[in-house]
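Numbering (mature numbering (1 follows the signal peptide of the UniProt record, and there is no 0)), first residue to last: -29 to -1, 1 to 1074.
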């Protein structure tokens, strides 16, 4: 029995008043309630996404990435780190984060990755998978010139607060690995990240033992919240998991969680809600009915004229709160897909997209309703999705004009295929407007007899499972038109589900007992939601028997007045042996007795009658009749390719056939997998139902239909047609099961389970789950504490509370007090009963009090010999040891006194202790020398040291170096402050150039657009420079010259590469001659190659 959730009238229940406002950031895959009442308006994107961050999800152009080295880090402390080629083969996974897809696995050879073809402008994560070596994941962006490092950033701090991040996007040239301390037998687990989230109700109660299911396209992970209400789970990095719970009382608003690396913001890796880009530190449980109350409709029909125009389409999706998601739509080509050959169809790719990261979001679980605009002139024959193996999988659908609506359990995983067929396009009939404003707060009933005549004076009431005190009476008996009504008065309803009955002693009876379901809207007002699981539309009609006057006889049926508009068979195909077929005919004034004929049709179109004017009794109404007929064995009619069933209201008068042919499938009598699975599912459903909840007659019909289905499943010779017919009968019997009214039971408690088994001394909110039978909504609880000696003392007595849930399991929340006033308390107990002042049921539900007391502290002492430290035990003191006290390090000598203004060596590391006895951290001047001590451990550092963004070097004694420094074959220059220089530096009257790594350069160097030459000592050269047989000229600032240049009264010409030109030179239409020394001939007559030439004063050749 479903229970009512009504807070408006429960304000006296102090603890419960804040409990059931269920909804927050997360999601689940629970059963959905009515769509229209709970779905908000379509979400219109308002993101401001920079154009360069947008990606083409359907990009086919790839970039060849070559020459990526695989290296082993041999010394991580040098700057840059020291590496060597790693020739051992190492496997790498190349994961496309834009598409959320593992794209390829490759193995390095001889210290290099093989050539990679990666999608242009997509983002990738590269994982190393090796038992001997490990690697921090590489996060890259594929550009036209290769891969760039997404995590290479420059950070800006104000104090210790990160205030800015600049992305450098440096080129990725190598993948650097380190050797593990010991071999890892399962290196794939490196990709997993442990995340933790608090699990709470909306009222704030921590919830233990909640069973979570996290579903992705590659795995399903199950986890249970711990005793303190925390969910700890290991997830694959960059994979989307859909979060849901498997609980009788609880759900979550379903959402996708993904582990993301946010090291560029100093945040490391954490659980990330892919729908809103927020960190997931808490998962909020909501009531079972509330999992979809904040659902939105996501549509892409409003993207025109925006930056999302290439995603635009004509589709909308419901099923979760889509938050920031976009919906991308693309029609795909069907050619080359064998499953689609010969079909008139369209195939669409629908993807959820995170617009902030421009990534596909895969939802591998859920219940999603998709509405798609199709060609209005075409009827939809079937809707499929194309699974990962290229197989078409059918989905339920409904067409209304140009729109088709269908259901999916996943999003962004499989293309959708819409197949078109012949026939008219289905359209829903428009519903007439009610001239009076419709109000669902009033249950309107019209009572008639079998002939449709109004019944006056009938008294009705709504029966509650709680007996007469919970029943609701109608305001008056039915009037002359047979109408009566019940108005919701917003008084508390004991149930949300009632049976509509005639009062006891009524002269009338009725065959069915409608079930009326009430709900509460956002204003906490009651309204009628449905009658017999059909949404309430304003009035229902009841047909009764009996009364003081006999019912008038029904008018006789006149077959001659019958008009047929359509005839539809339940099967489109049937095996050779034939079988039962259900035929539905529509029209006006259709009699209950009909006549049908069966013809077979040959390939040439010839029809032959086999069954003639067979009389059948049809059920239904004069507008729609249904009957069953046996299709003959086709083995007697070898030419037959299909059957046609005709119908008329009179015998021997021809037939109405319409389009209801049934194809004969010869030689295919085996049951199809689809039919067998559907029948198995229908048969198994009986096990989930309780016989006692239904009337004996309806249960017997249902059970007999199921038994027949079981026999067909067990029979290896079963036929397709028989199994389909049995499936139809089971479904029909299931739909016609009638609920049994049950007598009220005495409440019985069988267990009480608090949501946590431990709680801190400050107390907090705890959810209490009560199990039993016939549990009422209103319960009473008490809180006791228990001492070390086992004594029990009450703190809260007989507090009334309204509990959520079912008759078998209820839930409410209580506030456990601060333990401070109860010094003897070691644990809490919560007792529950269904009545006040009648004792409690406690069961084994103790909650341990975790007293998180401050640890004892030691103290400093000073005597005539020095300063020493008394340990927290009050008896001992540290000697000959390095000890951390309150975040600082101290050294105590053999006598136990703390060192001051002294160097100490401990376990091979050097420390310096100042006048206050604390070990130095950071930079410290000792005498005239500067040293650097690691800020976490206080150890003196040697070699390269990075402090902020600046590099320094300390020699083997730890002394900071200045001036020229040689490391191996490389020279560096350190300023007076010790800071390593880069770029140009002048020292000793000469200029030198240092690369970004600080290494001094020699030979040719390009700085900006200019070239310079540095000799073997690194000194910048000026004037004439000979390299091999070529001369260059460097200006006074060292810049290599090009073009015409006058030196010492002579003109020279230097080419674009700086090389001095000799011999003939043409400039425009003028020729010049440059002598062997490069000097231009001018104002002279000169013999060249045996020929005399004259040159003007400007050097131009004159003849």
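C-beta: ideal position from N, C-alpha, C; glycine also.
Item: May I ask you to report which of helix, strand or coil DSSP gives residue 421?; Value: coil
Item: Is it right to say residue 526 is buried, meaning 16 or more other beta carbons lie within 10 angstroms of its own, or is it exposed?; Value: Reliability fails at residue 526, whose pLDDT of 48 lies under 50, so the model's placement of it is uncertain and the value that follows must be treated cautiously. Exposed, by the Cβ-count rule.
Item: Short check: CB of residue 458 to CB of residue 512, under 8 Å?; Value: no
Item: Please report the straight-line C-alpha distance between residue 580 and residue 600, rounded to a whole angstrom.; Value: 15 Å
Item: Could you tell me the boundaries of the beta strand (DSSP E) in which residue 194 lies?; Value: 191 to 195
Item: Would residue 611 pass as a contact of residue 573 if the rule is Cβ separation under 8 Å?; Value: yes
Item: Is the stretch 383 to 397 in contact with the stretch 478 to 497, if contact means three or more CB pairs nearer than 8 Å?; Value: no
Item: For residue 70 and residue 904, what's the separation of their Cα atoms in angstroms?; Value: 46 Å
Item: In terms of residues, what are the limits of the alpha helix (DSSP H) holding residue 299?; Value: Run containing residue 299: none in the alpha helix (DSSP H); it sits in the beta strand (DSSP E), 297 to 303.
Item: Just verifying my parser: in three-state terms, what is the DSSP assignment at residue 248?; Value: coil
Item: Under three-state DSSP, which class holds residue 385?; Value: coil
Item: Answer with buried or exposed for residue 265, where buried requires no fewer than 16 other C-beta atoms within 10 angstroms of its C-beta.; Value: buried
Item: Please name the residue in 700, 718, 673 whose C-alpha comes closest to that of residue 708.; Value: 673
Item: Taking only the alpha-carbon atoms, compute the straight-line gap between residue 1036 and residue 33 and give it to the nearest angstrom.; Value: 47 Å
Item: Would you kindly work out how many angstroms separate the C-alpha atoms of residue 813 and residue 216, rounded to a whole number?; Value: 27 Å
Item: Within 8 Å, do at least three Cβ pairs link the stretch 290 to 309 to the stretch 320 to 327?; Value: yes
Item: With residue 869 and residue 837 assumed to form a contact (beta carbons below 8 Å), what rounded beta-carbon distance in angstroms separates them?; Value: 7 Å
Item: Measure the C-alpha to C-alpha separation of residue 311 and residue 364 and round it to an integer number of angstroms.; Value: 12 Å
Item: Using three-state DSSP, classify residue 4 as helix, strand or coil.; Value: In this predicted model, residue 4 has a pLDDT of only 32, less than 50, meaning its place in the structure is not dependable; the value taken from the coordinates is given anyway. DSSP places residue 4 in coil when its eight states are reduced to three.
Item: Is any non-hydrogen atom of the ligand HEM found closer than 7 Å to the C-beta of residue 991, if you look at the structure I gave you?; Value: Among the components of this structure there are no ligands whatsoever, and the ligand HEM is therefore not found.
Item: By DSSP, does residue 822 sit in helix, in strand, or in coil?; Value: coil
Item: Kindly identify the DSSP beta-bridge partner or partners of residue 775.; Value: 782
Item: My assumption, with CB atoms under 8 Å, is that residue 192 sits in contact with residue 185. Please give the rounded CB distance.; Value: 4 Å
Item: May I ask which residues mark the beginning and end of the alpha helix (DSSP H) holding residue 1103?; Value: This structure does not reach residue 1103, given that the chain is present from -29 up to 1074, and the question cannot be answered.
Item: Short of 6 Å in beta carbon distance, which residues of its chain neighbour residue 7, apart from the five on each side in sequence? Order them along the chain.; Value: Only weak support exists for where residue 7 lies, its pLDDT of 29 falling under 50; the value from the coordinates is given anyway. Excluding positions up to five away in sequence, the list is empty.
Item: Say whether the stretch 331 to 345 touches the stretch 275 to 294, bearing in mind that this needs 3 or more beta-carbon pairs closer than 8 Å, one atom from each stretch.; Value: yes
Item: How many angstroms separate the CA atom of residue 1056 from the CA atom of residue 1046?; Value: 13 Å
Item: Across which residues does DSSP place residue 1075 in a beta bridge pair?; Value: Lying before the first or after the last residue shown, residue 1075 is absent from the chain, which here runs from -29 to 1074.
Item: Expressed to the nearest angstrom, what Euclidean distance is found between the alpha-carbon atoms of residue 274 and residue 280?; Value: 5 Å
Item: Could you pull out every residue in the same chain whose Cβ sits closer than 7 Å to the Cβ of residue 790, ignoring the five residues on either side in sequence?; Value: 732, 734, 796, 820
Item: For the alpha helix (DSSP H) that residue 169 lies in, which residues bound it at each end?; Value: Element bounds for residue 169: not the alpha helix (DSSP H) but the beta strand (DSSP E), 163 to 172.
Item: Assuming residue 684 is part of the alpha helix (DSSP H), what are its boundary residues?; Value: 667 to 685
Item: CB residue 784 to CB residue 45, shorter than 8 Å?; Value: no
Item: What are the boundary residues of the beta strand (DSSP E) that residue 232 is part of?; Value: 227 to 232
Item: Over what stretch of residues does the alpha helix (DSSP H) that includes residue 696 continue unbroken?; Value: 691 to 706
Item: If I measure Cβ to Cβ from residue 12 and keep anything under 6 Å in the same chain, skipping five residues before and after, which residues do I get?; Value: Bear in mind that a pLDDT of 32 at residue 12, under 50, signals an unreliable position, so the number given afterwards is only what the model happens to contain. No residues qualify anywhere along the chain.
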